[in-house]
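To keep things clear, I will list the structure first and then write my remarks on it.
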Amino acid sequence: MSFTPIEQAPARLNRSELAVPGSNYRFLEKATEAPADVIFLDLEDAVAPDDKEQARKNIISALNDLDWGNKTISVRINGLDTHYMYRDVVDIIEQAGERLDLMMIPKVGTAADIYAVDMLVTQCEQAVGRKKRIGFEMIIETALGMANVDEIAGASTRNESLHFGVADYAASTRAMTTNIGGPNPNYGVLTDDEGSGNREFHWGDMWHYAIARMVVAARAHGLRPVDGPFGDIEDTEGYKAQALRAAVLGCEGKWAIHPSQLKLANELFAPSEKDVERANKILAAMEQAQKEGRGAVTLDGRLIDIASIKQAENLVNKAKQISD
Ligand code: GLV
Ligand code: MG
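Read in order, the letters of the sequence shown correspond to residues 210 to 533 in this note's numbering.
This is the structure:
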């Protein structure tokens, strides 16, 4: 281990994160029943400029009046380049009571963006005597944000999670695609079987680098990496494939832009019974190995060692967090 300890963000389940536009109060009411680990109430891109003020009022009422159970609740504020953002922060902290857990900051570009929001949030919290400190979720969805992802991740002790905003990221990097998440048929490799002329085209994952980069930055700062939206609501197979790729790379969860995607996210980001069984077998085998003074052993024909203990513990701890 490094001599530099990694402080972990508060442990919260974040398998699924439901996006709900603040402009429609009925949607906010319905969201209270959604089986989501986290819900973000949106003031940003799902809300048209003319509806921003009403959306803010709706969200303030929803936070004061609706029963959100034990879900983690977040509000996505507007970007720092808009004049809506300061009032989002001020009005919500001054008028919406203590229920809010997190604020989601979109299109973060630099650590200074986080510093600025932190300063404003801190002043508002102090002014109203808020007891619960608001945590930050940050969307990495611009070329600038990705270029500065490490500093952004470490910019505030309020930081809890990084999210991959695939739609804005594609726009910012001028990727030749109009999909929201998922693969693109033009991104692939043409294989050539040793020059035989026997060629096949294999699709690749155009988001691999971005998600992997974000995961590393998040984990290096003790934050939760979360995969963003998948636009094709009808395509459950596509959602599943994207979610599993993100899970395998280390993401803790994925957004749902429609309630129908929640069940999938909750299932796909939970270790399966088989995974937990194997993890427990690894832990038992390593306990025995350590009693015998051995650092590595084979289990079912595969090498396991001290790193396997940590991998297995991650799975077992996640399963416990879900069942608690
Ligand atoms: C989310 O905000 C995205 O742009 O994908
Ligand atoms: Mg976006």
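Note that beta-carbon positions come from the ideal geometry of N, C-alpha and C, so glycine has one too.
Leaving out five residues before and five after residue i in sequence, what residues of the same chain have Cβ atoms less than 6 Å from its Cβ?
i	result
Q451	G390, G391 and F439
D322	L289
A255	P230
A264	G231, S232, L252 and V256
Using only the alpha-carbon positions, how far apart do residue i and residue j sit?
i	j	result
E216	T366	9 Å
E501	N526	26 Å
L248	G374	Sequence check: residue 248 is Ile here, not Leu. Near 16 Å, if we compare the C-alpha coordinates of G374 and I248.
R383	M347	21 Å
L471	I343	24 Å
L371	I361	9 Å
F212	C460	25 Å
R433	E403	43 Å
M355	M423	8 Å
F405	V457	It should be noted that the sequence gives Ser, not Phe, for residue 405. Their Cα atoms are separated by approximately 34 Å.
N388	S381	14 Å
E443	Q520	34 Å
L250	I513	44 Å
R487	G504	19 Å
I420	A455	7 Å
For residue i, I'd like the list of residues in its chain whose CB is within less than 8 Å of its CB, leaving aside the five on either flank, ordered along the chain.
i	result
A220	Q530
On the CB-based measure, 16 or more other CB atoms within 10 Å of its CB, does residue i come out buried or exposed?
i	result
G418	Going by the sequence as given, residue 418 is Tyr instead of Gly. By the neighbour-count rule (16 or more Cβ atoms within 10 Å), Y418 is not buried but exposed.
H292	exposed
W416	buried
D274	exposed
R224	buried
N407	exposed
Excluding the 5 residues preceding and the 5 following residue i in the sequence, name in chain order all residues of the same chain whose CB lies nearer than 7 Å to its CB.
i	result
H411	G397, V398 and T400
L473	T445, Y448, K449 and A452
D377	K316, E350 and T351
D260	S232
E409	T400
| field | Pocket of the ligand GLV (residues with CB nearer than 7 Å to any heavy atom), chain order | value | In chain order, the residues that have a beta carbon nearer than 7 Å to some heavy atom of the ligand GLV are D254, P315, I348, E350, G374, V375, A376, D377, Y378, I389, G437 and P438.
- request: Decide if the stretch 348-359 is in contact with the stretch 314-324; the criterion is three or more beta carbon pairs, one per stretch, under 8 Å apart.
  value: By the Cβ rule, the stretch 348-359 counts as touching the stretch 314-324, because three or more pairs are nearer than 8 Å.
Notebook entry, point to check: Between the stretch 428-448 and the stretch 463-473, do three or more beta carbon pairs fall short of 8 Å?
Noted result: With the cut-off at 8 Å, the stretch 428-448 and the stretch 463-473 touch.
inquiry  = Taking contact to mean 3 or more Cβ pairs, one atom from each stretch, closer than 8 Å, check whether the stretch 476-494 and the stretch 425-432 are in contact.
reply    = They do not touch, by the three-pair rule.
_Across the stretch 268-284 and the stretch 230-237, are there enough close Cβ pairs to call them in contact, namely three or more that are closer than 8 Å?_
Verdict: yes, contact present.
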